[in-house]
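Residue numbers (this note's numbering), protein chains in the order written: chain C, 1 to 405; chain P, 406 to 834. By construction, the Cβ of each residue, glycine as well, lies at the ideal position given by its N, Cα and C atoms. Here the structure is a predicted model, which means the values were calculated and not measured. First comes the structure, then the notes that go with it.
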Amino acid sequence: MKALFAFGLLILIAFLGSRFLTRRKKLSPLVFVFHTGLIYLLLGIVLGEKSLKILSPDVLKRLSPLLILGLGWVGFVFGFQFEKKYIQRFQRRFISFSFLYFLIFLLSISGLAYVLFTQLIGLSSTEALSFSFALALLFSLTSPTVLDVILFQVERKELPSYLARFIVSVTSFWGILGLAFLVFFSPHGESFAVSFWQRGSLLALSTGLPLLLASLFHRLTKRKLSEEELLLFLLGLVFLCAGVAESLGIPPLYPTMILGIAYSNLTRKQERLYPLLLNTEKPMFVVLFILVGALWQPELSGPLGLVIFLLILVKFLVLIGLVSRLTSFLRFPFPFSPWYGLCFLSSGVMGVTFTVCVCLWWGLSVSQVFMSVGLISVICLDFISPWVVRSAVVQNKKYFGYLGK
Amino acid sequence: MIELIILLAGMILWRMEIIQAYIGTQPSLALSFGFILLFAFLFGQRISRYKLPQITGFILAGILGGPYLLGFLSHADVQTLQIFDGLALSLIALIAGGEMRISRLREQLKAIFNLVLWQTVFIIGGFILIGFLLPLRVFQEQIGYFAPLPFFLMLGTLATATSPSTTIAVITETRAKGRLTDLILGTAVVKDFVVILLFAFSLSLVKSWVAGAGGGPGLDWKVIFRILEEVGGSLLLGVVIGGGLVLYLKYIQREVTVFILSIAFFSYEISHSLGFHPLLICLLAGFIVENYSPYGTNLIKAIEKVALPIFVIFFAISGASLDMGALRKSWLLALAIVLVRGGLKFLGTFSGAKLSQADRGVSRWGWAGFISQAGVTLGMAVIIEKEIPLWGAHLKALILAVIALNQIIGPILLQKLLVKSGEAGQKQL
C-alpha cells in the first residue's frame, strides 16, 4: 500500500510538473523531456528496485495489466492512423521512401551492431544476430512528437513539413512488422520452443484474431454511443487483444497495431475517436513510462557505452547522408536539404514501447543488456532531438522559401 | 446479444485444454480484465432491456465469469484486480459529495436523522429479539456455538448497513434527481458512518463479553478513541483535498480528469495507510467543491468521462468476489436473514418517515432504497472473524451469503423505487 501511495503521489508530482513546464515557449531539453514523457521513465527508475525499491517486483506484478494495456494502447493508436483514405492522399513514392529508409537502417545498424556485440560485448553469434536485428528495428523507428512541437513552435506549415510529419509518423510500421517476424522466426523467446508450423499458426493467429476483434468492435460501436461507452469498448478491446498476445507469449505491439489498422478502416467514427484517443494517451503513457522505468535495471559499462555511442553516430550519419539522396532518387516534387533527415531522429514513445516488448518477449533476465542499450539510446536521441530537429527545420528555410505557406 | 455470445464462446474456446496445449497459452491477467470489462458491460446493457439496473448486470457477469462458476477469473485475479476498488470508491464518493447541495440537504435533515435512527433501532433491536425468541438449535450446525446476545448484536449491526457506493451508482445510472433521491443518498451515507461507529462500540462490547474477563461486558475506550481519531482525520483530509481540488479547478483547469484520477488514487492510498475512511474523505472533498466553489459541475463532468469503465470493473469484481460457496452452504438461513432484514428496514423506514412527516411514498416504499450491501459490511465481517475466533468465522460465512443476496436484489429494488417515484431521468445531461 505504501508503494502504491508513493506511486500515485509521484504521478501527481510529475503530472503537475509537466503542466507547468510545458507551458513555456523556450525550447530547452528539459521542457521536451516532459513533452515526450521521458521524465516519467526516469521517475520509474528512481522508484524501481535498484533505487527506492518502492515499485517492487510484487507491486509491478500487480500492475502488470496496466503495463500490457499501455503497450497495446501505443500499438492501437499507431495502427489507427492507417486509414486507407488518409494514406491514399500521399503518393506511393512516399511510402516507398519510408520502406527504403527502414531497409537501409536494418542493414546498416544490424551489421554494425552484430560486429559490436560479438567483438565488444562477447555475445554468441546466434544471440548477437537476434540482438542486432532487434536493435536495427528499434533504430528504424520514428516518432512525430518532437517534430510536431517544433513545427508548431516555428510555425512551419508548408507541404514539405506536412510530408515529413506524415513519413515520420508511418515509418515505424515496418519496424513493428519486422518485430513480428523476429518473434516468430528468431531462435529466442518463448515461441521458439514450438515447431515451425506452430510458430506459423501463432503468427496467423496474432494477425487473424485482431481482425476478428476489430470486426466485433465495429459491430459494438456501430450504433449511437456516448463518449464514455466508446472509451469503455476501446479499453476492453485493447486489453483483450494485448491480453491474447500476452497469453500467446508474443509482444502486444503487433496484434494491437493490426487491431488499430483494421478498426480504423471499418469504422466511420474516426472524428469522434481521435480526440478520445488523444485525451487518453497522456495518462496511459505516464503510467507506461513509470512502469517501464521501474522494470529496467540500468547497466552501463565502457563497452556498452561505446556500442551506444557508435550506433547513435551511425544513425546521425545515415540520416544526414540518406534522406536527401533518397528523396532525389524517388524524385520528390521538391528538394530536401541533407540536414532535413535529422527530423527523423527521435523515436520517443514508440522506441520505449518497442524495447519493452522485445524484452518481455525474451524474458527480462536475459534482456537487461538489450533494454539498457535500447532505452539509453532512445533517451539520448530524444534528449538531443529538440535542438537537432529545430536546427534541421530552420536550415531548410532556404529550400522551402520559394514554396511559401 | 450476438456480441455477448461471441465473446463468451471465444473465451470458452480459448480456455479449452486442447487449444491451450496446441498453441501453448499462459494465463494473462490483461486478457481476463479485458474480457470481464466487455462481458460485464454488455451483460449490464442486456439486463437493462428488462428494466433492471445495469449494475445488477455487472455484478451478475462478475459472478458468472468469476472463480465460482465459469472460472475466467481466478481467486488470484480477483484479488489483484481489487486494486481498482480504491479508485472506484474514491470516484463514487467524489460524485456523491458533488451531488449534495447544502440547501437541499438542510430541508431533509430531520428525515435523514429519523430514518437513520429508527432503521438502526429496529434492525439491531429486532435481531436481538429474534435471538432470544427463536429456537436456534436448528441453525447450530451451520453457524456453530454462540451466545445469542453478542452474536445477534453483531448480526444486527452488520444488517443495518447499506452500501453507499451501490446507491450512488444506481442513482448515477438512472440519472435520478429529486427529494427522494437526496433522502436516500443522504441517509445511506450518514448511516454508513453511524454503522462504523456502532460497529466499533458493539465489537469492543462483544469482545469483552466473549472473553468473559471481569465478569461482564465493558467498553474498550482505546478502540472508541481510535475510531473518533480516524473519523476526525478523515474529515480534515477531506477538507484539504477538497480545497486542493477547488484551487486546481480555479487556477489550472487543464487535464482535469487526469488530475482527479490521481487525486482519487492518492486519497485512497493515504487513507488506507493512515487508517482513515476514503469514502468520507472524498465525499467531503466533493461536497466542498460543490458547495463552496462554482466548479461542482466541472468536477462531476470530469469524473463521468472516465467513471463508466471503472464502475463496470468495480461491480464486476465485487460480483466475482461474492462467495458463492458460502451462499450454497447456507442459502436458506441467509434468505431468512435477508427477509427479516427487509421487514425490519420497512418498519424502521416507516417509523422514521412518519415521525419526520415525510411523503407517503417514503414511508411505504422508502425501505426498498436501503437493501444493497457491499464493501463496508464485508470489511466488518472480516474484522469480526479475526477478533472473535469463537464464532467470527461462522458469522462471516453467513454474512457473505447475505451480502450476495442483498447485492443482487438491492440495486433492482432501488431502481424500481426511483422509477416509481418519477425521479429517474430527471437529471439534465
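Asked	Found
Note down the Cα distance separating C:S337 from C:V389, rounded to an integer number of angstroms.	13 Å
Counting only the same chain and skipping the five closest in sequence on each side, list residues whose C-beta sits under 8 Å from that of C:F370.	F131, A134, L135, T355, V358, C359, W362
Taking the straight line between their C-alpha atoms, what separation do you get for P:A806 and P:G784?	14 Å
Roughly how far, in whole angstroms, is the beta-carbon of P:F775 from the beta-carbon of P:K750, given that I think they are within contact range, below 8 Å?	5 Å
For the segment 734 to 798 of chain P, list the beta strand (DSSP E) runs that are entirely contained and at least 3 residues long, ordered along the chain.	none
Would you decide whether C:F97 is buried or exposed? Buried here means 16 or more other CB atoms lie within 10 Å of its CB.	buried
Quick one: using the 10 Å Cβ neighbour count with 16 as the cut-off for buried, is P:D587 buried or exposed?	buried
Would you mind telling me which residues of chain P sit closer than 9 Å to C:I250, beta carbon to beta carbon, in chain order?	Within chain P, no residue comes near C:I250; the closest Cβ sits about 11 Å away, beyond 9 Å.
In the segment 501 to 528 of chain P, which residues sit with their C-beta less than 7 Å from some C-beta in chain C, listed in chain order?	none
Return the first residue and the last residue of the alpha helix (DSSP H) that C:C343 is part of.	Where C:C343 is concerned, there is no enclosing alpha helix (DSSP H), given that its DSSP letter is neither H nor E.
Strictly below 9 Å CB to CB, what residues from chain C border P:L713?	S226, E228, E229, L231, L232
What residue range does the alpha helix (DSSP H) around C:P57 cover?	57 to 62
Would you be able to state if there are at least three C-beta pairs under 8 Å between the segment 233 to 245 of chain C and the segment 65 to 74 of chain C?	yes
Which of helix, strand or coil does DSSP assign to P:Y653?	helix
From P:I535, P:Y656, P:A731, P:K596, pick the residue whose C-alpha is nearest to that of P:P699; which is it?	P:Y656
List, from N- to C-terminal side, the alpha helix (DSSP H) runs of 4 residues or more that fit wholly inside the segment 78 to 150 of chain C.	84 to 87, 92 to 116, 125 to 140
How big is the Cα-Cα spacing for P:T577 and P:H682?	22 Å
Which residues of chain C have a Cβ atom closer than 9 Å to the Cβ of P:K710, listed in chain order?	E227, E228, L231, N279
Leaving aside the five residues before and after P:A618 along the sequence, list all residues of the same chain whose C-beta is less than 6 Å from its C-beta, in chain order.	Caution applies to P:A618, whose pLDDT of 48 falls short of 50 and renders its modelled position unreliable; the value that the coordinates give is listed next. Taken in chain order, the list of residues that qualify is empty.
Should C:V115 be labelled buried (16 or more other beta-carbon atoms within 10 Å of its own) or exposed?	exposed
P:G771 and P:L822: beta carbons closer than 9 Å?	yes
Report yes if the CB atom of P:L434 is closer than 9 Å to the CB atom of P:L486, and no otherwise.	yes
Counting contacts by CB-CB distance shorter than 9 Å, is P:P432 in contact with chain C?	yes
Using a C-beta to C-beta distance shorter than 9 Å, which residues of chain C count as neighbours of P:F440?	G236, F239, L240, G243
Figure out for me which residue from P:M559, P:I517, P:L514, P:L520 has the closest Cα to the Cα of P:G536.	P:M559
For the segment 60 to 71 of chain C, which residues have a CB atom closer than 7 Å to at least one CB atom of chain P, in sequence order?	R62, S64, P65, I68, L69
Listing by chain order, which chain P residues have their CB less than 7 Å from the CB of C:L216?	E408, I411
As a quick exercise: from C:L205, C:E299, C:L235, C:T221, pick the residue whose alpha carbon is nearest that of C:S247.	C:L205
Whose C-alpha, out of C:L375, C:A128, C:M284, C:F185, is nearest the C-alpha of C:G111?	C:A128
Taking C-beta pairs closer than 8 Å, name the residues in chain C that P:T371 reaches, listed in chain order.	The structure shown has nothing for residue 371 of chain P, since chain P only spans 406 to 834.
Can you list, in chain order, the residues of its chain with a C-beta nearer than 7 Å to that of P:L443? Leave out the 5 residues immediately preceding and following it.	L412
Does DSSP put C:F336 in a helix, a strand or coil?	coil
Determine whether the beta carbon atoms of C:L232 and P:F446 lie at a separation below 9 Å.	yes
Let's test the definition: count the other Cβ atoms within 10 Å of the Cβ of C:K405 and tell me whether it reaches 16, buried, or not, exposed.	Only weak support is given to the placement of C:K405: the predicted model assigns it a pLDDT of 42, under 50, and the question is left unresolved by the model.
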